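Numbering (full-length UniProt numbering), first residue to last: 1 to 195.
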């Protein structure tokens, strides 16, 4: 075992012509309807993702694809940990980001929407962004958003009102290489201006 580790250390890094690449795909199964059991299942899932992504905080890697499907709940720790993951991804050249928060744990819970941290909108390496069940606040994009590599933008079940439609317009207009754009929402978006 030690010989294998030494070989990896002595030859692995010198053999790389570019950064290593990784693909991550996390799909949470629907948690139990029992509140206590549900919280345990969510915690296990969060810990699993934390552990899997720990390599991103230790080494610089290119993330080819990051896919996350989770069920929403009323837990601040839950969203703060997802924010940490987005921050890690923003520092590791993620190319494809697919986030799905359309499910909720309890059927009587109103639709919940996750608000991506602002750092997500400054990832210049993004080629494809797929968001489901995410909210777009008016100030989330800032002034200097520019997705220079973005070719595919898909927004589904987005929480939209007149103000957030303007944010989505700004997002679309910040993608000079955009080839595909789709927007699916339960609400009427009215007129949409893309330049």
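Built from N, CA and C at the ideal position, the CB exists for glycine as well.
Given the structure is predicted, the values throughout are model-derived calculations rather than measurements.
A check of alpha carbon separations from residue 94 across 174, 166, 124, 163 identifies 124 as the nearest.
Sorting 22, 182, 114, 164 by C-alpha distance to the C-alpha of residue 60 places 22 at the top. For residue 180, the enclosing beta strand (DSSP E) stretches over residues 180-184. In terms of Cα proximity to residue 122, the closest of 29, 133, 24, 92 is 92.
For the set 116, 97, 165, the Cα lying nearest the Cα of residue 153 is the one of 97. For residue 185 and residue 156, the gap between their C-alpha atoms comes out near 6 Å.
The same chain holds no residue with a CB closer than 6 Å to that of residue 82 once the five nearest residues on each side in sequence are set aside.
As the crow flies, the alpha-carbon of residue 151 is around 11 Å from that of residue 174.
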